[in-house]
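Undergrad: Per the numbering used here, the sequence shown starts with residue 1, numbered consecutively.
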Amino acid sequence: MQVEAISQPISIQDERSLTKYPSGSLRELWAISFPLMLSMMSGSLMLFLDRLLLARFSIEALNACVNASVIAAALQFAFLTTSAISEVFVGQYNGARQYKKIGEPVWQMIWFSLFSGIIFIPLGLFSGPLFFFDPAYAELEITYFKWLMFFGPIFCLSAALSSFYIGRGRVKFVTLIVILANILNVLLDLLLIFGFEPFIPSLGIGGAAIATGIAQGVQCIVLFVGFLREKNRKRYQTFRWNLNKECFLKCLKIGLPNSIAHTLEIIAWAVFFRIMTLAGEEHITVVAICQSIFILFTFVAEGISKGATAIAANQIGAKEWNSVWKLFRSGMKFYFQAFMVLGLILVIDPGSMIDWFMSGHEAMANYEHIREIAISACVWMWVYFLFDGIHWLVVGLLTAAGDTKFVLWVGGFSAWIFAIMPIYYFINVLGYHADVAWLITAVYAALTCAIYLWRFKSEKWRQMETLI
Numbered sequence: 001m002q003v004e005a006i007s008q009p010i011s012i013q014d015e016r017s018l019t020k021y022p023s024g025s026l027r028e029l030w031a032i033s034f035p036l037m038l039s040m041m042s043g044s045l046m047l048f049l050d051r052l053l054l055a056r057f058s059i060e061a062l063n064a065c066v067n068a069s070v071i072a073a074a075l076q077f078a079f080l081t082t083s084a085i086s087e088v089f090v091g092q093y094n095g096a097r098q099y100k101k102i103g104e105p106v107w108q109m110i111w112f113s114l115f116s117g118i119i120f121i122p123l124g125l126f127s128g129p130l131f132f133f134d135p136a137y138a139e140l141e142i143t144y145f146k147w148l149m150f151f152g153p154i155f156c157l158s159a160a161l162s163s164f165y166i167g168r169g170r171v172k173f174v175t176l177i178v179i180l181a182n183i184l185n186v187l188l189d190l191l192l193i194f195g196f197e198p199f200i201p202s203l204g205i206g207g208a209a210i211a212t213g214i215a216q217g218v219q220c221i222v223l224f225v226g227f228l229r230e231k232n233r234k235r236y237q238t239f240r241w242n243l244n245k246e247c248f249l250k251c252l253k254i255g256l257p258n259s260i261a262h263t264l265e266i267i268a269w270a271v272f273f274r275i276m277t278l279a280g281e282e283h284i285t286v287v288a289i290c291q292s293i294f295i296l297f298t299f300v301a302e303g304i305s306k307g308a309t310a311i312a313a314n315q316i317g318a319k320e321w322n323s324v325w326k327l328f329r330s331g332m333k334f335y336f337q338a339f340m341v342l343g344l345i346l347v348i349d350p351g352s353m354i355d356w357f358m359s360g361h362e363a364m365a366n367y368e369h370i371r372e373i374a375i376s377a378c379v380w381m382w383v384y385f386l387f388d389g390i391h392w393l394v395v396g397l398l399t400a401a402g403d404t405k406f407v408l409w410v411g412g413f414s415a416w417i418f419a420i421m422p423i424y425y426f427i428n429v430l431g432y433h434a435d436v437a438w439l440i441t442a443v444y445a446a447l448t449c450a451i452y453l454w455r456f457k458s459e460k461w462r463q464m465e466t467l468i
């Protein structure tokens with residue numbers, strides 16, 4: 001598909017419209033979110049295969065990957081989420097028909113992504129031993145973490161460039177590029193994790209991280225070339241590369257609260273994995289397997305959330321408030337349907353997926369016990385999926401309205417209060433099995449979801465200062 005194919009003779013309404021379907025309808029949400037889901041599903045599948053390959057390489061590599069990737073994500077996410085906030089500005093400018101302003105916020109976040117290297121590179125070089133000190137995993141964790149930090153600016157740059165397309169509803173091009181990049185990632189995984197003697201040595205867990213970084217770099221190059229196409233330079237002023245202090249700070253004002261909230265939440269989950277590691281091999285193995293399976297389905301929540309943000313930003317830019325409520329109802333309908341479908345996998349026959357990770361390790365002394373606990377955990381993971389998805393839907397709508405300070409307070413602290421403290425007490429103090437940790441996360445997701453639903457129903461997000 002071409003990066004841009006907007007013909008000039010169409011009406012103003014058609015120029016602004018994201019799809020041919022009614023604004024806020026389930027069909028429009030699906031039309032925007034489904035391509036995003038495909039791209040994120042390919043990303044989730046890539047992570048799943050990445051961990052599956054590492055599990056085949058060694059269980060130690062899998063467990064180290066889980067711990068290191070959560071810490072890396074916690075450090076990267078503030079920058080990555082801030083870089084992606086230009087999607088909100090692009091959407092609102094597009095909805096308000098101020099097309100010539102669209103390129104500017106994207107460029108500000110491109111600069112922000114490049115500046116992030118000042119933080120990421122020193123973190124990769126020096127901070128690993130501060131985070132990882134378990135003798136069984138430290139060397140592997142530090143290796144994986146180091147490479148993810150080195151590639152940090154590239155991940156942020158990809159988010160900034162993608163926002164140019166997603167904010168205008170042009171998601172199919174992004175989907176195609178992401179899928180191709182993830183295919184490249186898996187191929188590089190096979191080559192770099194296991195090696196190809198005598199030409200390429202086995203790099204193990206380091207090879208997995210390097211493969212991810214190379215694939216992201218290729219993705220950025222293609223997105224940037226599309227961003228600078230002649231049609232986009234004329235229509236959206238994408239050639240205006242200069243750093244604009246006012247626009248830059250406005251992006252940070254909206255993006256930083258959101259990113260800090262998500263970062264605090266990810267740090268909480270990093271602590272969660274540390275709690276599980278300290279509890280013993282059984283606990284961290286069960287959690288590593290279940291979280292790897294959950295990653296395979298996160299594309300649903302992420303796709304709907306980003307799709308809802310893009311649509312709602314356009315609706316808010318056009319002052320179509322009732323359409324935002326219609327969009328919310330469409331998202332709720334979708335999640336309940338997805339919840340029932342996922343139950344066929346996580347409730348009826350979770351053992352088959354668990355066996356993918358346990359294959360080759362049947363000689364473990366506690367093999368059957370770990371498998372039994374993991375099956376029980378999958379049921380609670382299913383419940384968590386529903387409430388976590390609705391939570392991300394509402395966060396996407398609040399973000400589109402610029403109501404990110406509320407997201408900061410709720411998202412930043414709810415995981416610690418409702419999840420981490422109870423998990424520590426029940427697992428490390430009382431000695432419960434790992435499936436109880438997933439039960440607690442399901443309760444946490446339900447409570448957090450209720451708070452966000454209350455905020456959305458109050459309509460205080462309509463009172464936010466206009467972004468454009």
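Glycine included, C-beta positions come from ideal geometry on N, C-alpha and C.
Can you tell which of P135, C220, V383, A313 has the C-alpha that lies nearest to the C-alpha of L342?
TA: Position 342 of the sequence shown, counted from the first residue, corresponds to residue 342. Put simply, of P135, C220, V383, A313 the residue whose alpha carbon is nearest the alpha carbon of L342 is V383.
Undergrad: What does DSSP give as the partner residue(s) for F196 in the beta ladder?
TA: Residue 196 sits at position 196 when you count from the first residue of the sequence shown. Note: F196 sits in a beta bridge opposite I200.
Undergrad: Quick check on the DSSP output: what are the complete alpha helix (DSSP H) runs of length 4 or more inside the segment 226-255, in order along the chain?
TA: 230-236
Undergrad: With H, G and I counted as helix, E and B as strand and the rest as coil, what does DSSP make of Q219?
TA: Indexing the sequence shown from 1 puts residue 219 at position 219. Note: Q219 maps to helix in three-state DSSP.
Undergrad: Check this for me: beta carbons of R168 and L62, under 9 Å apart or not?
TA: The residue given as residue 168 occupies position 168 in the sequence shown. The residue given as residue 62 occupies position 62 in the sequence shown. No, the pair does not count as a contact, with Cβ atoms beyond the cut-off.
Undergrad: Using 10 angstroms around the beta-carbon of Q8, count the other beta-carbons present and answer buried if the total reaches 16, otherwise exposed.
TA: Position 8 of the sequence shown, counted from the first residue, corresponds to residue 8. With a pLDDT of only 36 at Q8, under the threshold of 50, the placement of this residue in the model should not be trusted; the figure read from the coordinates follows. Exposed, because fewer than 16 other Cβ atoms sit within 10 Å of the Cβ of Q8.
Undergrad: Nearest to C378 by alpha carbon, out of F132, V347, T399?
TA: On the sequence shown, residue 378 is found 378 positions in, with the first residue counted as 1. Comparing Cα-Cα distances from C378 to each of F132, V347, T399, the minimum goes to V347.
Undergrad: Taking N474 as the reference, give the member of L397, D388, V66 with the closest Cα.
TA: This structure does not reach residue 474, given that the chain is present from 1 up to 468, and the question cannot be answered.
Undergrad: How do the segment 289-303 and the segment 389-396 stand: do at least 3 beta-carbon pairs fall below 8 Å, yes or no?
TA: yes
Undergrad: Tell me whether the beta-carbon of T175 lies closer than 9 Å to the beta-carbon of L26.
TA: Translated into the one-based positions of the sequence shown, residue 175 becomes position 175. Translated into the one-based positions of the sequence shown, residue 26 becomes position 26. Not closer than 9 Å, so no.
Undergrad: Residues in the same chain with beta-carbon distance under 6 Å from I110, minus the five sequence neighbours each way, listed in chain order, please.
TA: Translated into positions along the sequence shown, residue 110 becomes position 110. Only A160 meet the Cβ criterion.
Undergrad: Near Y165, what residues of its chain come up, given a Cβ to Cβ distance below 8 Å and the 5 sequence neighbours on each side ignored?
TA: Looking up residue 165 in the sequence shown gives position 165. Cβ within range, chain order: V3, V171, F173, V174, L223, G226.
Undergrad: Measuring CA to CA, which of I205, D403, V66, G307 is closest to L256?
TA: For the purposes of this step, residue 256 is taken as the residue at position 256 of the sequence shown. That would be D403, whose Cα lies nearest to the Cα of L256.
Undergrad: With DSSP collapsed to three states, give me the class of G167.
TA: Taking the sequence shown and counting its residues from 1, one reaches residue 167 at position 167. Correct three-state label for G167: coil.
Undergrad: Please classify K245 as buried or exposed, where buried requires at least 16 neighbouring CB atoms within 10 angstroms.
TA: Taking the sequence shown and counting its residues from 1, the one referred to as residue 245 is at position 245. Under this definition K245 is an exposed residue.
Undergrad: Would I154 pass as a contact of G217 if the rule is Cβ separation under 9 Å?
TA: Start at 1 with the first residue of the sequence shown, and residue 154 comes out as number 154. Start at 1 with the first residue of the sequence shown, and residue 217 comes out as number 217. Going by C-beta atoms, I154 is nearer than 9 Å to G217.
Undergrad: In or out: M340 buried (at least 16 other Cβ within 10 Å) or exposed?
TA: If you number the sequence shown from 1, residue 340 lands on position 340. So M340 counts as exposed.
Undergrad: With 16 as the cutoff for other CB atoms within 10 Å, does V429 come out buried or exposed?
TA: On the sequence shown, residue 429 is found 429 positions in, with the first residue counted as 1. Flag for V429 reads exposed.
Undergrad: Among the residues of its own chain, which have a CB less than 6 Å from the CB of Y335, if the five just before and after it don't count?
TA: Position 335 of the sequence shown, counting from 1, holds the residue named residue 335. Result list for Y335: G389, I390, in chain order.
Undergrad: What residue range does the alpha helix (DSSP H) around I71 cover?
TA: One-based indexing of the sequence shown puts residue 71 at position 71. Note, I71: alpha helix (DSSP H), 59-84.
Undergrad: Is the beta carbon of A310 less than 9 Å from the beta carbon of V324?
TA: The residue given as residue 310 occupies position 310 in the sequence shown. The residue given as residue 324 occupies position 324 in the sequence shown. Taking C-beta atoms as the reference points, A310 and V324 fail to come closer than 9 Å.
Undergrad: Three Cβ pairs or more, each shorter than 8 Å: is that satisfied between the segment 96-111 and the segment 52-69?
TA: no
Undergrad: Give the range of the alpha helix (DSSP H) segment to which S376 is assigned.
TA: Here residue 376 refers to the residue found at position 376 when the sequence shown is read from its first residue. Counting along the chain, the alpha helix (DSSP H) containing S376 begins and ends at 367-400.
Undergrad: Starting from the C-beta of F79, find all residues in its chain whose C-beta is less than 6 Å away, skip the five residues before and the five after it, and write them out in chain order.
TA: Taking the first residue of the sequence shown as 1, we reach residue 79 at position 79. Excluding positions up to five away in sequence, the list reads S116, C156.
Undergrad: Please go through the same chain and pick out, in chain order, the residues whose beta-carbon is closer than 6 Å to the beta-carbon of L243, but skip the five residues on each side of it.
TA: Here residue 243 corresponds to residue number 243 of the sequence shown, with the count starting at 1. W111.
Undergrad: Within 8 Å, do at least three Cβ pairs link the segment 449-456 to the segment 399-416?
TA: yes
Undergrad: So which of I177, A270, D189 has the shortest CA-CA distance to M513?
TA: Nothing can be reported for residue 513, as the shown portion of the chain is limited to 1 through 468.
Undergrad: Just how far apart, CA to CA, sit L188 and I293?
TA: Against the sequence shown, residue 188 aligns to sequence position 188. Against the sequence shown, residue 293 aligns to sequence position 293. Approximately 22 Å between the Cα atoms of the pair.
Undergrad: Quick one, which of I316, A401, D435 has its alpha-carbon nearest I375's?
TA: For the purposes of this step, residue 375 is taken as the residue at position 375 of the sequence shown. Distances from the CA of I375 to each of I316, A401, D435 were compared; the closest alpha carbon is that of D435.
Undergrad: Output the distance between the C-alpha atoms of K326 and P35, rounded to the nearest integer angstrom.
TA: Against the sequence shown, residue 326 aligns to sequence position 326. Against the sequence shown, residue 35 aligns to sequence position 35. Each residue's alpha carbon lies about 21 Å from the other.
Undergrad: Pick out the complete alpha helix (DSSP H) segments inside the segment 271-324, 4 residues or longer, and give them in chain order.
TA: 281-295, 298-317
Undergrad: DSSP three-state label for F133, please.
TA: Here residue 133 is taken as the residue at index 133 of the sequence shown, counted from 1. DSSP places F133 in coil when its eight states are reduced to three.
Undergrad: Decide if E197 is buried, meaning its Cβ has at least 16 other Cβ atoms within 10 Å, or exposed.
TA: For the purposes of this step, residue 197 is identified with residue 197 of the sequence shown, where counting begins at 1. Using a 10 angstroms sphere on the CB of E197, the tally of other CB atoms stays under 16, which defines it as exposed.
Undergrad: If distances are taken between C-alpha atoms only, which option among S414, L203, A136 comes closest to L191?
TA: Taking the first residue of the sequence shown as 1, we reach residue 191 at position 191. Closest option to L191, Cα to Cα, is L203.
Undergrad: Hey, E282 and I423: beta-carbon distance below 9 Å or not?
TA: Against the sequence shown, residue 282 aligns to sequence position 282. Against the sequence shown, residue 423 aligns to sequence position 423. It is not a contact, given that the beta carbons lie outside the stated cut-off.
Undergrad: CA-CA distance, Y432 and L130?
TA: Taking the sequence shown and counting its residues from 1, the one referred to as residue 432 is at position 432. Taking the sequence shown and counting its residues from 1, the one referred to as residue 130 is at position 130. Their Cα atoms are separated by approximately 29 Å.
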